[in-house]
């Protein structure tokens, strides 16, 4: 656990980890953001919480009772 | 004169080199030793090196952090909401409580859906774990844990077992049986052992492996059958409060969030942390992968939810409002990833437009903190659990 290591060892681990992270390959947000947007648009048709669902198809619709209109 | 100090000359064997010399007292880690003058000199200069190394490591770490920020900033050419400018704004949402599950005797702390999209397992502060049929609100199974504060529970992918744990520092698996004569507690299998409370657990793609997160600062992967530790994940500087597995198509990673304000992404096979994000200002209570696996959201005590893009390696969106001052305890995405549902400590659930960064709806109903929230596997509804002892299914 973190508590068992000395401050120096913890810092060494942190430095090693940071060195690795600096080298991580990265992509521009204009590209990745677009991919997120594209994913949403592609799946939006299946997203029932987004589109709403007609009462008669909703498995959680109110049970029984009468509708007074 | 009166204030002369006398050096007491003690002769003996030096504690370091064991040679017979004049000794002087020396303090090492608050323990008193007797060193000869030679070894005392060496120790003094070593100490100096020790401090130098510590200081140089600290400045190296700071320097690397700065470099990391720089590298990340290079990819920040545009904001997410700018990319989504042309996307149609969302209309009004009408989401109501369709079912209220009553039966827990105390705060509901965690819940999970079964893959059959109708069963739910929930756990509570009173030690009870209940399996419900959310369509009928009937309780199908109930087990009492030997500890209170069951902070984590999960449904097995097969639907034939549940896992739970909390202050007992363990994660136990209970096979679900429909035989009325069988006592569920009798078949309990202790799988994970941590040195502090269990905060989160999740089955991987099968019933055979469980991933756990603990107050002891680590996450771990366990084999259910043997209880063997397969991999452990060290790196958080404080309690780990939450975890989420990447959607199976995107590979073997998971994300965890902790009291050290960090969200860390791990490679399950090597145990290495591949990315870390430290932009929250307080404990991260909940993390959830975006449905495509390319991003994840987090909810924190700093009253914000944030979206982190894994390929751009940075935070790309913050979901917050000045009027929201209570921590977000739990977050989940709708099926398409357009909506982010977040449960808060001010008893409300806020629904955010992930792309535009704005709030589209606020849901009232719970009478105490919302502690847990999950969207159903097919996205038709979501369930929230609260300290008001109930669970609500919204659609």
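Residue numbers (full-length UniProt numbering), protein chains in the order written: chain P, 1 to 69; chain R, 1 to 395.
Virtual Cβ for every residue (Gly too), placed ideally from N, Cα, C.
Scanning chain P for C-beta atoms nearer than 8 Å to the C-beta of residue 247 of chain R yields nothing, as the closest lies near 12 Å away. As DSSP reads the structure, residue 141 of chain R sits in a beta bridge with R:131.
Comparing alpha carbon positions, the residue from R:367, R:334, R:345 closest to residue 351 of chain R is R:334.
In the structure shown, residue 290 of chain R adopts coil according to DSSP, grouped into three states. Nearest in C-alpha terms to residue 304 of chain R, of all of R:186, R:331, R:215, is R:331.
In this structure, R:248 is the residue among R:373, R:42, R:248 with its C-alpha nearest to the C-alpha of residue 293 of chain R. The beta carbons of residue 243 of chain R and residue 297 of chain R sit no closer together than 8 Å. Cβ neighbours of residue 229 of chain R within its own chain (closer than 7 Å, five residues either side excluded): 220, 222. By the Cβ test, the region 338-350 of chain R is not in contact with the region 58-65 of chain R, since fewer than three Cβ pairs between them sit closer than 8 Å.
For the pair residue 98 of chain R and residue 393 of chain R, the CB atoms are nearer than the 8 Å cut-off. Bounds of the beta strand (DSSP E) holding residue 315 of chain R are 314-319. Taking a beta-carbon distance threshold of 8 Å, residue 55 of chain P does not count as an interface residue toward chain R. Note: residue 268 of chain R is not bridge-paired with any residue in the DSSP secondary-structure output. For residue 10 of chain P, the uninterrupted alpha helix (DSSP H) run begins and ends at 7-22, by DSSP. For residue 312 of chain R, the CB contacts under 6 Å within the same chain, skipping 5 residues up- and downstream, are 75 in chain order. Between residue 386 of chain R and residue 368 of chain R, the CB-CB gap stays under 8 Å. Close partners of residue 377 of chain R in chain P (Cβ separation under 8 Å) are lacking, with about 12 Å as the shortest Cβ gap. Taking a 10 Å sphere around the C-beta of residue 179 of chain R, we find fewer than 16 other C-beta atoms and assign the residue as exposed. A Cβ-Cβ contact shorter than 8 Å links residue 111 of chain R with residue 372 of chain R. The DSSP assignment places complete beta strand (DSSP E) segments of no fewer than 3 residues inside the region 212-265 of chain R at 218-223, 229-234, 240-245, 253-258, in order along the chain. Counting only residues of its own chain and dropping the five nearest sequence neighbours on each side, residue 213 of chain R has a CB closer than 6 Å to the CB of 199, 200, 219, 240, 243, 256. The beta carbon of residue 78 of chain R falls within 8 Å of a beta carbon belonging to chain P, placing the residue at that interface.
Rounded to whole angstroms, the separation of the alpha carbons of residue 44 of chain R and residue 309 of chain R is 49 Å. A residue is called buried when at least 16 other Cβ atoms come within 10 angstroms of its Cβ; residue 318 of chain R does not meet this threshold and is exposed. Residue state for residue 184 of chain R is assigned as helix, using DSSP reduced to three classes. Rounded to whole angstroms, the gap between the alpha carbons of residue 69 of chain R and residue 22 of chain P is 9 Å.
For the region 53-68 of chain R, the residues whose beta carbon sits under 8 Å from a beta carbon of chain P are, in order, 53, 54, 57, 58, 60, 61, 64, 65, 67, 68.
For the 8 Å CB-CB criterion, residue 283 of chain R and residue 301 of chain R form a contact. Per DSSP, the unbroken alpha helix (DSSP H) holding residue 82 of chain R starts and ends at 80-83. The beta carbon of residue 345 of chain R lies closer than 7 Å to those of 326, 327, 329, 369 in the same chain, with the five residues before and after it left out. When CB distances to chain P are screened at a threshold of 8 Å, the residues of the UniProt repeat "WD" (277-318) of chain R falling below it are 290, 291, 292, 294, 295, 309, 311, 312, 313, 314, 316, in chain order.
Under the 8 Å Cβ criterion, the region 129-144 of chain R does not count as touching the region 81-90 of chain R, having fewer than three qualifying pairs. For residue 26 of chain R, the enclosing beta strand (DSSP E) has its first and last residue at 20-28.
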